[in-house]
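Residue numbers (our numbering), protein chains in the order written: chain A, 1 to 170; chain B, 171 to 340.
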DNA sequence: TTGACATAGTTAGCTACCTAACTATAATGG
DNA sequence: CCATTATAGTTAGGTAGCTAACTATGTCAA
């Protein structure tokens with residue numbers, strides 16, 4: 001996935017006015033709100049990232065472990081993992097390299113198709129999740145509780161509308 | 171800025187139930203909503219990223235050019251740019267390397283303090299912005315118009331509340 | 001049955017982010 | 001006035017993402 005804007009210094013209305021002189025009428029509110037949404041998304045993501053990093057995981061690795069734990073035999077393939085976590089196969093190769101190096105997953109050959117191999121969650125990998133998840137879930141609950149169920153519903157609804165309309169950038 | 175989750179495969183309620191067996195009561199709605207918010211943030215960011223990439227810019231570089239254009243003399247320093255765009259000085263060094271290589275900015279010595287130097291937006295850099303910005307602003311406007319002013323106001327309000335509460339991850 | 005195409009994974013080389021350690025210069029205070 | 005501390009920028013080495021090109025294997029159809 002691409003990196004996300006980290007603007008600590010959003011433009012104020014004055015600056016946007018100056019840009020408008022060059023580029024014509026600008027919907028100042030729309031621009032400020034759009035950039036703010038991107039920035040808050042970054043902030044939330046970084047909050048989670050810091051939490052995971054302090055527990056020896058990073059977002060990409062954490063998600064791979066979770067995907068493996070979902071499987072009944074704790075096993076999957078690089079392609080499947082790449083597709084489910086939404087990264088390229090090349091990126092997944094490197095994530096697995098790091099996880100295998102740390103002993104959190106293990107590569108296992110596949111007899112039926114020699115192009116493939118399997119990735120299995122190890123006991124150490126499960127143990128790492130067992131440290132993280134019982135701290136993760138209550139925090140998410142505590143955070144989301146700041147909004148009522150109806151508010152959360154509406155927030156998602158509106159974000160989804162924006163996402164659909166983000167086609168304008170195509 | 172850190173990378174953001176790219177989960178294409180959010181857990182369903184069944185899977186979260188399985189996890190609950192191991193980790194105790196989980197607020198399934200809260201977790202799904204939180205992950206969805208992160209994911210939509212990524213999607214919006216990637217939409218902008220793709221738009222910029224097709225015009226020869228990436229988010230980090232685009233923002234540096236904009237920060238320079240805001241200045242009356244089109245000039246700033248690496249430290250200032252790093253602080254305003256929220257990246258480390260090391261990252262800014264590399265962004266400037268790339269921009270200077272492409273001729274979009276220029277490094278200029280500083281007589282008064284020989285540790286410093288200035289970065290100035292070049293004519294080519296201004297031209298690049300002049301290609302991008304007149305296409306950027308109307309698109310943002312068109313996208314945000316899917317929500318009423320009141321809805322946008324409320325969306326921001328609720329996101330800000332979540333951001334404040336993201337302290338739970340500290 | 002073999003030649004063409006498809007699939008699985010890796011490698012190489014790029015961007016962009018980080019921290020920590022480094023160099024050079026400036027500022028300050030005994 | 002010089003030793004310490006602070007500041008500006010770079011470098012080194014790490015993670016995480018991408019595309020494109022590659023190897024190896026499997027599949028399928030003429």
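All C-beta atoms, glycine included, are put in the ideal place defined by N, C-alpha and C.
- Could you check the C-alpha separation between residue 276(B) and residue 206(B) for me, to the nearest Å? 41 Å
- Through-space distance from residue 64(A) to residue 84(A), alpha-carbon basis: Going by the C-alpha atoms only, they are around 9 Å apart.
- Item | Assigned exposure category for residue 259(B) - 16 Cβ within 10 Å defines buried | exposed
- Query: With respect to the alpha helix (DSSP H) encompassing residue 275(B), which residues constitute its N-terminal and C-terminal limits?
  - Reply: Here residue 275(B) belongs to no alpha helix (DSSP H); instead the beta strand (DSSP E) covers 275-279.
- Item | residue 172(B) in three-state terms, based on DSSP | Residue placement at residue 172(B) cannot be trusted, given a pLDDT of 37 that sits under 50; what the coordinates show is reported in the next sentence. Collapsing the DSSP output to three states places residue 172(B) in coil.
- Considering only the beta carbon of each residue, do residue 120(A) and residue 91(A) sit closer than 9 Å? no
- To the nearest angstrom, report how far apart residue 112(A) and residue 94(A) are at their CA atoms. 24 Å
- Is residue 61(A) near residue 108(A), with beta carbons less than 9 Å apart? no
- Complete alpha helix (DSSP H) runs within the segment 259-333 of chain B (minimum length 4 residues, chain order): 259-271, 293-314
- Query: Are residue 310(B) and residue 225(B) close, meaning C-beta to C-beta below 9 Å?
  - Reply: no
- Message: Let me check understanding here. Comparing Cα to Cα, which of 213(B), 188(B), 196(B), 185(B) lies closest to residue 160(A)?
- Response: 213(B)
- Message: Which same chain residues end up closer than 7 Å to residue 20(A) when comparing Cβ atoms and leaving out the 5 residues on each side of it in sequence?
- Response: 26, listed in sequence order.
- Determine, using beta carbons only, whether residue 73(A) comes closer than 9 Å to chain B. no
- Expressed to the nearest angstrom, what Euclidean distance is found between the alpha-carbon atoms of residue 252(B) and residue 269(B)? 14 Å
- Item | Contact set between residue 17(A) and chain B, taken where Cβ atoms lie within less than 7 Å | The premise fails here: residue 17(A) is roughly 11 Å from chain B at the closest Cβ pair, so nothing lies under 7 Å.
- Message: I'd like to know if residue 31(A) contacts chain B, where contact means its C-beta is closer than 9 Å to some C-beta of that chain.
- Response: yes
- Query: Under a CB-based cut-off of 9 Å, is residue 79(A) close to chain B?
  - Reply: no
- Task: Find the nearest neighbour of residue 68(A) within the set 126(A), 167(A), 59(A), judged by alpha-carbon distance.
- Result: Comparing Cα-Cα distances from residue 68(A) to each of 126(A), 167(A), 59(A), the minimum goes to 126(A).
- Item | Beta-carbon spacing of residue 38(A), residue 49(A) below 9 Å | In this structure, residue 49(A) does not lie closer than 9 Å to residue 38(A) by Cβ.
- Message: Rounded to the nearest angstrom, what separates residue 188(B) and residue 138(A) at their Cα positions?
- Response: 16 Å
- Message: To be precise: take each residue of the segment 142-165 of chain A, compare its Cβ to all Cβ atoms of chain B, and keep it if any distance is under 8 Å. Which residues remain?
- Response: 142, 143, 144, 145, 146, 147, 149, 151, 152, 154, 155, 156, 158, 159, 160, 161, 162, 163, 164, 165
- Distance CB(residue 166(A))-CB(residue 217(B)) smaller than 9 Å: yes
- For the alpha helix (DSSP H) that contains residue 253(B), what are its first and last residues? 248-255
- Please report how far the alpha carbon of residue 198(B) lies from the alpha carbon of residue 28(A), in whole angstroms. Residue 198(B) and residue 28(A) have their C-alpha atoms roughly 38 Å apart.
- Which residues in the same chain have their Cβ closer than 8 Å to the Cβ of residue 155(A), if we skip the five residues on either side of it in sequence? For residue 155(A), the CB contacts under 8 Å within the same chain, skipping 5 residues up- and downstream, are 147 in chain order.
- Query: Looking at the C-beta of residue 212(B), does it have a partner C-beta in chain A at a distance below 9 Å?
  - Reply: yes
- Within 10 angstroms of the Cβ of residue 24(A), are there 16 or more other Cβ atoms? Answer buried if so, exposed if not. exposed
- Query: residue 292(B) to residue 33(A), Cα distance in whole Å?
  - Reply: 29 Å
- Checking contacts by CB at 9 Å: is residue 192(B) closer than that to chain A? At least one chain A Cβ lies under 9 Å of residue 192(B).
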